[in-house]
Structure formats: structure tokens, C-alpha cells
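FYI, the numbering used here numbers position 113 of the sequence shown as 105, with every residue one higher than the one before it.
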Amino acid sequence: KLQAYSTLQERFNTIDIPVYAEMILGLPGETYDSWKNGLDELLETGLNNQLFVYMAEVYPNTELADPGYQEKYKIQTARIQLSEIHCSPRQQNWLDEYQHIVVETFSMSRRDWQRMVVFSVLTMLMHSMKLGYYVLIYLHFINGLKYSDIIEAVMRSKRSFLAGLIKLIHEYTENILSGKGRGVLLPDYSDV
């Protein structure tokens, strides 16, 4: 429960033990609003380290892979290339691997899934990678703004840098829906 997590996090923060959180995006029953509110609640606990968001993956012999379960919750998946992330890509000509991720359910349209990914990537950039961490904290604690309202304002921004960033994240979601892997390589900046 979130209260137990909050209590533990507070204790660990006091004794300088880093705490991080992992969330799974796209599970049945989740909506854009419930996802956004859940991330708000998590950030409200005082999480000051990393927040990782993973896409719901469908593995053989799991409930998400069961045809009856998929039919009941109207689960639609995308088959994407399995690409290693957080490392330099390796040339592997002898074996192509794929994974299935949840991109639609009875409670989440594909468009909502895309909005959730954009929201999540921005949250990780601003909070976990600290690109806007102090701005988020200031606007939240001093001005009483919700974290999600700040992030959604960035999502709507027309400023060229931010609009360009949002466009890149939208392209990322389109690439995933067209079967490309989750990994993003920007060779001008790094080989990772």
C-alpha cells in the first residue's frame, strides 16, 4: 500500500538510503487519469530518487497471455523488436527477438496509451533525470501545483525546445506501435 511505501521511504530518506519506484504502464483497468493521479500520489510521498516506468509486457504462460483474459479485458498488443537499452547496441544478425507489449485495453485506448507514454517519459526526464526536478519541487511546494499539472503544461507547450521534445517522444510512441523497439539511440551524443 502507498502509505506503507511512504513510511518506509521517509525512514530511508532520513538515513540516506536511496529509494526508487517502478511502475508498469498499460495494465487492464488503468486509464490516463488514474495513471496520472497514481504518479502524482507516488511523487507526493517524497520520492526524490528515480522513478522508472516500464511498459506492460506479455510473457507466455502468464495471465496477460491467456486468450480468455485478453478477450475479457479487450487487451491489444504490439509486437516490437526486442532491443537492449542502457547499453551500446550489438550487431546480432543470427537472431531477431521480439516482445509483445500491451497498447490497448477496455479502459485505455491506443491514444491514451500514447499520452501515458509521453506523460511518463516527461516525468522521468524531469524528475528522475533531474532536468526539471527543482522546478517541479518549487512549483509543487511553494505554489501548490500538482506535479501532473506541471507536466501536462509542458506537454502542451508551444516553446520550440519543449515542442520539439514532445514531438520526439510522440515519434517514439509511433515507432513502438509500428514494431520498432523501445531503445532510442542518438549517435550524435552517445553510443548508448
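Glycine included, every Cβ here is placed at the ideal spot set by N, Cα and C. Since this is a predicted model, take the numbers as computed values, not measurements.
Whole-angstrom Cβ separation of Gly171 and Ile93, contact assumed at under 8 Å?
Actually they do not touch by this definition, with Cβ atoms about 11 Å apart.
How is the alpha helix (DSSP H) around Gln62 delimited, first residue to last?
59 to 64
Closest to Ser182 by C-alpha separation, out of Ile77, Glu36, Lys66, would be which residue?
Ile77
Do Asp88 and Tyr24 have their CB atoms nearer than 8 Å?
no
Euclidean distance between Cα positions of Phe133 and Leu178:
35 Å
In terms of residues, what are the limits of the alpha helix (DSSP H) holding Arg103?
102 to 115
Nearest by alpha-carbon distance to Ala70: which of Met47, Tyr139, Leu123 is it?
Met47
Local Cβ density within 10 Å of Lys122, reported as buried at 16 or more and exposed below that:
exposed
Measuring CA to CA, which of Leu31, Leu74, Asn135, Tyr51 is closest to Val113?
Leu31
Proximity of Lys138 and Phe98 at Cβ, strictly below 8 Å:
no
Range of the contiguous beta strand (DSSP E) that encloses Ala13
13 to 17
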